[in-house]
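Down below is the structure, laid out as structure tokens.
There are 2 protein chains.
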Amino acid sequence: MINTLIEKIVTLNAPVVVGLDPMLSYVPKQIQQAAFEEYGETLEGAAEAVWQYNKAIVDAVYDLIPAVKPQIAMYEQFGIPGLTAFAKTCEYCKSKGLIVIGDIKRGDIGSTSSAYAVGHIGTIQVGSKTYSGFREDFVTVNPYLGSDGVKPFVEVCKKENKGIFVLVKTSNPSSGEFQDQLVDGTPLYELVARKVVEWGEECMGNTYSNVGCVVGATYPEMGKVLRKLMPKTYILVPGYGAQGGKAEDLVPYFNADGLGAIVNSSRGIIAAYQQERYASFGEGNFADASRQAVKDMIADITGAVAGQ
Amino acid sequence: MINTLIEKIVTLNAPVVVGLDPMLSYVPKQIQQAAFEEYGETLEGAAEAVWQYNKAIVDAVYDLIPAVKPQIAMYEQFGIPGLTAFAKTCEYCKSKGLIVIGDIKRGDIGSTSSAYAVGHIGTIQVGSKTYSGFREDFVTVNPYLGSDGVKPFVEVCKKENKGIFVLVKTSNPSSGEFQDQLVDGTPLYELVARKVVEWGEECMGNTYSNVGCVVGATYPEMGKVLRKLMPKTYILVPGYGAQGGKAEDLVPYFNADGLGAIVNSSRGIIAAYQQERYASFGEGNFADASRQAVKDMIADITGAVAGQ
Numbered sequence: 001m002i003n004t005l006i007e008k009i010v011t012l013n014a015p016v017v018v019g020l021d022p023m024l025s026y027v028p029k030q031i032q033q034a035a036f037e038e039y040g041e042t043l044e045g046a047a048e049a050v051w052q053y054n055k056a057i058v059d060a061v062y063d064l065i066p067a068v069k070p071q072i073a074m075y076e077q078f079g080i081p082g083l084t085a086f087a088k089t090c091e092y093c094k095s096k097g098l099i100v101i102g103d104i105k106r107g108d109i110g111s112t113s114s115a116y117a118v119g120h121i122g123t124i125q126v127g128s129k130t131y132s133g134f135r136e137d138f139v140t141v142n143p144y145l146g147s148d149g150v151k152p153f154v155e156v157c158k159k160e161n162k163g164i165f166v167l168v169k170t171s172n173p174s175s176g177e178f179q180d181q182l183v184d185g186t187p188l189y190e191l192v193a194r195k196v197v198e199w200g201e202e203c204m205g206n207t208y209s210n211v212g213c214v215v216g217a218t219y220p221e222m223g224k225v226l227r228k229l230m231p232k233t234y235i236l237v238p239g240y241g242a243q244g245g246k247a248e249d250l251v252p253y254f255n256a257d258g259l260g261a262i263v264n265s266s267r268g269i270i271a272a273y274q275q276e277r278y279a280s281f282g283e284g285n286f287a288d289a290s291r292q293a294v295k296d297m298i299a300d301i302t303g304a305v306a307g308q
Numbered sequence: 001m002i003n004t005l006i007e008k009i010v011t012l013n014a015p016v017v018v019g020l021d022p023m024l025s026y027v028p029k030q031i032q033q034a035a036f037e038e039y040g041e042t043l044e045g046a047a048e049a050v051w052q053y054n055k056a057i058v059d060a061v062y063d064l065i066p067a068v069k070p071q072i073a074m075y076e077q078f079g080i081p082g083l084t085a086f087a088k089t090c091e092y093c094k095s096k097g098l099i100v101i102g103d104i105k106r107g108d109i110g111s112t113s114s115a116y117a118v119g120h121i122g123t124i125q126v127g128s129k130t131y132s133g134f135r136e137d138f139v140t141v142n143p144y145l146g147s148d149g150v151k152p153f154v155e156v157c158k159k160e161n162k163g164i165f166v167l168v169k170t171s172n173p174s175s176g177e178f179q180d181q182l183v184d185g186t187p188l189y190e191l192v193a194r195k196v197v198e199w200g201e202e203c204m205g206n207t208y209s210n211v212g213c214v215v216g217a218t219y220p221e222m223g224k225v226l227r228k229l230m231p232k233t234y235i236l237v238p239g240y241g242a243q244g245g246k247a248e249d250l251v252p253y254f255n256a257d258g259l260g261a262i263v264n265s266s267r268g269i270i271a272a273y274q275q276e277r278y279a280s281f282g283e284g285n286f287a288d289a290s291r292q293a294v295k296d297m298i299a300d301i302t303g304a305v306a307g308q
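Residue numbers (the numbering used here), protein chains in the order written: chain W, 1 to 308; chain V, 1 to 308.
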């Protein structure tokens, strides 16, 4: 799967991913109203609003980008109707040729981690039939439980030609509380990174592994070190834009081949129309605003990477 | 919520929780067949089988135990129909007076962690109405992202009188890869434990905090240290039975007041009929086998704790 992702990134010259993390407050009033008229002010109504909003944005940007990253928490908050909108969004994105990175940050042990992997990137046997519960191409994985938690995902990746991104150093302010703690002079996130390399060797694509990692844009010095430590690991980079990460900070996340990183923006793209910069589009043209924001983001990042 | 849990534990003299982690292979053939006849060999059929199996076990054991712990991964593997069975199981258990600990091990940052908390133990506003996506009483939380990941859960706990159990030291063999790493001579899980105490002070019940933790039964020496470090933190203890933890190992997880720990068993209870010890019940009486296994587990643990 990493080969396919890289191919798309190269073809489009777009090392970016759009985070489909819809808060109800991002969804334009007229979409909310239409959904509530059909389903009432219910969880189904909220899920319908989110789905229609996603669909319009995907329609506006799908030809510019290799991948989307729906954040499952934003759907899970609406219970079953929300998760149904998540599944529908994943399917729709795949029908538009997009790679789907499910931002699920799951992680458990043994058969339980297997169940998550099977549910999101694998297949399950029911009697004599085989099904997929959800159908993402990649998922994000939390490593706190160690190899017992991550390896079941790697097994499913091997079997199904899928991929994962393991959390190494996250973009949030308090990520250092545990991740930065020094173990014999080495920060914990480096120990996790070394394990990511080990897990990744079992599941290589052509030049990069199907086991990638997450390193936040907000810690470029650490990104630089981690890039060298994990030369064949694709880095999924959150924290650009709304969280404060700048294009020039992202240069160290890329390898000399111009590859090795894919940068996410969520609110900065999907709620672009709410920003001063894109306000002239107006709420009614929110999807056009998102398209312009994607173009600007691609230019910003490819410009910074090419300039080095 | 921790007050209610403790009250139930004391009344029943049962510091135990039954893990509702159904693998399809645990579900007796006649239940699977009935479900497949109604829904076909589909995800809906599998979910129906799991739900009927859960219901029979809950009916057989609900008067003996304070709480159940459904493991969401085992439902998520069947996609939306599976998650619907999860929600149905939670509701049914609540209708029988049981406390529901959702074993979801979620964890993200800021508004994303809030979304998980709202979805599982909180309420969400849709227009002028308020809803609950899922409706657990406690959930388990992964601490790898630090305070940014856990505090949004604590905020929801305060608002809704709910609780969480934060992973500190998990029961699996590789849990030490990261959790045991020494930071200035102190293992990482102890640093996490100290944060659990800090988070917990914000959200106290009468004698224990609504912020509990998870420490595996398979590491009793560490359990002893952690018990002293977190005197007001309830410990959810997985790893008893099938994973190898023995009743006498569990004594150090309890405080002198006889409280402070609640021990989980999943396969050991719900698939008791598949064990040699309970084989005489036969597959048709699987729920009676589970009831006997619960009684034996309670006697085993309360005996060991009283004996010290």
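Heads up, the beta-carbon is just placed ideally off N, CA and C, and yes, glycines get one too.
ask   = Between V:PHE60 and W:ASP108, which are expected to be in contact by the criterion C-beta below 8 Å, what is the C-beta distance as a whole number of angstroms?
value = The sequence shown places Ala at residue 60 of chain V, rather than the Phe named in the question. The C-beta distance from V:ALA60 to W:ASP108 rounds to 27 Å, too long to fall under 8 Å, and the pair is not in contact.
query = Are the C-beta atoms of W:ALA46 and some chain V residue less than 9 Å apart?
reply = Yes, W:ALA46 counts as interfacial toward chain V.
query = Does the beta-carbon of W:GLN71 have 16 or more other beta-carbons within 10 angstroms, so that it is buried, or is it exposed?
reply = Buried, because 16 or more other Cβ atoms sit within 10 Å of the Cβ of W:GLN71.
inquiry  = Quick check: what's the CA-CA separation for W:ASN142 versus V:GLY102?
reply    = Approximately 18 Å, taken between the alpha carbons.
ask   = At what residues does the alpha helix (DSSP H) containing V:GLY149 begin and finish?
value = Start and end: 147-160.
inquiry  = So within the stretch 60-97 of chain V, which uninterrupted alpha helix (DSSP H) runs reach at least 4 residues, ignoring any that extend past its ends?
reply    = Along the stretch 60-97 of chain V, the alpha helix (DSSP H) occurs as fully enclosed runs of 4 or more residues at 73-76, 79-95, listed in sequence order.
Residues near W:GLY311 by beta carbon distance below 6 Å, same chain, minus five either side = Residue 311 of chain W falls outside the range modelled here, since chain W spans only 1 to 308, and no answer is possible.
request  = Could you have a look at V:TYR189 and say whether DSSP puts it in helix, strand or coil?
outcome  = In the structure shown, V:TYR189 sits in a helix (DSSP, three-state: H, G or I).
message = Do V:PRO81 and V:THR42 have their beta-carbon atoms positioned less than 9 Å apart in this structure?
response = Cβ atoms of V:THR42 and V:PRO81: closer than 9 Å.
ask   = What residues of chain W sit near V:ASP296, judged by a beta carbon separation below 9 Å?
value = For V:ASP296, there are no C-beta contacts with chain W under 9 Å, since the nearest C-beta of that chain is about 24 Å from it.
key: Residues sharing a beta bridge with V:THR351, DSSP   = With chain V represented from 1 up to 308, any question about residue 351 of chain V goes unanswered, as that position is not in the structure.
inquiry  = Beta-carbon within less than 6 Å of W:GLN30's beta-carbon, same chain only, minus the 5 sequence neighbours each way: which residues are those?
reply    = When the five nearest sequence neighbours on each side are left out, no beta carbon in the same chain lies closer than 6 Å to the beta carbon of W:GLN30.
Chain W contact residues for V:LYS195, given Cβ-Cβ distances below 9 Å = For a Cβ distance threshold of 9 Å, residue set GLU177, PHE178 of chain W lies close to V:LYS195, ordered along the chain.
ask   = So, using beta-carbon positions, are W:MET23 and W:ALA271 closer together than 9 Å?
value = Going by beta carbons, W:MET23 and W:ALA271 fall inside the 9 Å limit.
ask   = Is V:ASP137 buried or exposed, if buried means 16 or more other CB atoms sit within 10 Å of its CB?
value = Burial call: buried.
task = Would you mind reading off the limits of the alpha helix (DSSP H) that contains W:ILE9?
result = It spans 2-12 - the alpha helix (DSSP H) in which W:ILE9 sits, taken as one unbroken run.
query = In chain order, what residues of the same chain lie with their CB nearer than 7 Å to the CB of W:ALA87, ignoring the 5 residues before and after it?
reply = Counting only Cβ-Cβ distances below 7 Å, and skipping sequence neighbours, we find PHE134.
request  = Would you kindly work out how many angstroms separate the C-alpha atoms of W:GLY245 and V:VAL196, rounded to a whole number?
outcome  = The alpha-carbon of W:GLY245 is positioned some 30 Å away from that of V:VAL196.
ask   = Given a limit of 7 Å on CB to CB distance, which residues of the stretch 145-162 of chain W reach chain V?
value = Flagged, chain order: LEU145, GLY146, SER147, ASP148.
task = Say whether the stretch 227-238 of chain V touches the stretch 199-209 of chain V, bearing in mind that this needs 3 or more beta-carbon pairs closer than 8 Å, one atom from each stretch.
result = Taking 8 Å as the limit for Cβ pairs, the verdict is that the stretch 199-209 of chain V does touch the stretch 227-238 of chain V.
task = Could you check how far apart the C-beta atoms of V:VAL18 and V:ILE269 are, in whole angstroms? I think they sit under 8 Å.
result = The pair is a contact, with the Cβ atoms about 5 Å apart (cut-off 8 Å).
message = Can you give me the C-alpha to C-alpha distance between V:ILE65 and W:VAL214, rounded to a whole angstrom?
response = Here the C-alpha atom of V:ILE65 lies approximately 41 Å from the C-alpha atom of W:VAL214.
inquiry  = Measuring straight from C-alpha to C-alpha, what distance separates W:SER132 and V:GLU7?
reply    = Between W:SER132 and V:GLU7, the C-alpha separation is close to 42 Å.
query = Are any of the Cβ atoms in chain V nearer than 9 Å to that of W:LYS129?
reply = Taking CB atoms only, W:LYS129 has a neighbour in chain V less than 9 Å away.
ask   = If you measure from the beta carbon of W:GLU91 to each beta carbon in chain V, is any gap under 9 Å?
value = So no, W:GLU91 is outside the interface.
ask   = From which residue to which residue does the alpha helix (DSSP H) around V:ASP300 run?
value = First-last of the alpha helix (DSSP H) with V:ASP300: 286-306.
request  = Whole angstroms is fine: what's the gap from V:GLY185's alpha carbon to V:VAL150's?
outcome  = Separation of V:GLY185 and V:VAL150 (C-alpha to C-alpha, rounded to the nearest whole angstrom) is 25 Å.
task = Give a yes or no on whether 9 Å exceeds the smallest Cβ distance from W:ILE124 to chain V.
result = In terms of beta-carbon proximity, W:ILE124 lines the interface with chain V, with at least one pair separated by less than 9 Å.
ask   = Can you list, in chain order, the residues of the stretch 251-277 of chain W whose Cβ is nearer than 8 Å to any Cβ on chain V?
value = Hits within the stretch: zero.
key: Whole-number beta carbon distance between V:VAL263 and V:TYR240, since they are thought to touch under 8 Å   = About 5 Å separates the two Cβ atoms, so the contact holds.
Beta-carbon neighbours of V:GLU41, restricted to chain W and to distances below 8 Å = Ordered by position in chain W, the residues that pass the 8 Å Cβ test against V:GLU41 are VAL126, GLY127, SER128, LYS129.
inquiry  = Between W:PHE134 and chain V, is any beta-carbon pair separated by less than 9 Å?
reply    = Chain V, which has a Cβ nearer than 9 Å to the Cβ of W:PHE134, makes this yes.
inquiry  = Using only the alpha-carbon positions, how far apart do W:ALA261 and W:LEU236 sit?
reply    = Each residue's Cα considered, the two are about 6 Å apart.
ask   = Ends of the beta strand (DSSP E) at W:VAL215?
value = Residues 211-215.
ask   = Could you give the residue range of the beta strand (DSSP E) that holds W:ILE104?
value = Per DSSP, W:ILE104 is one residue of the beta strand (DSSP E) stretching across 99-106.
task = Kindly indicate which residue of V:CYS90, V:GLY205, V:GLY97, V:LEU98 has the alpha-carbon position closest to the one of V:ILE104.
result = The residue with the shortest Cα to Cα distance from V:ILE104 is V:CYS90.
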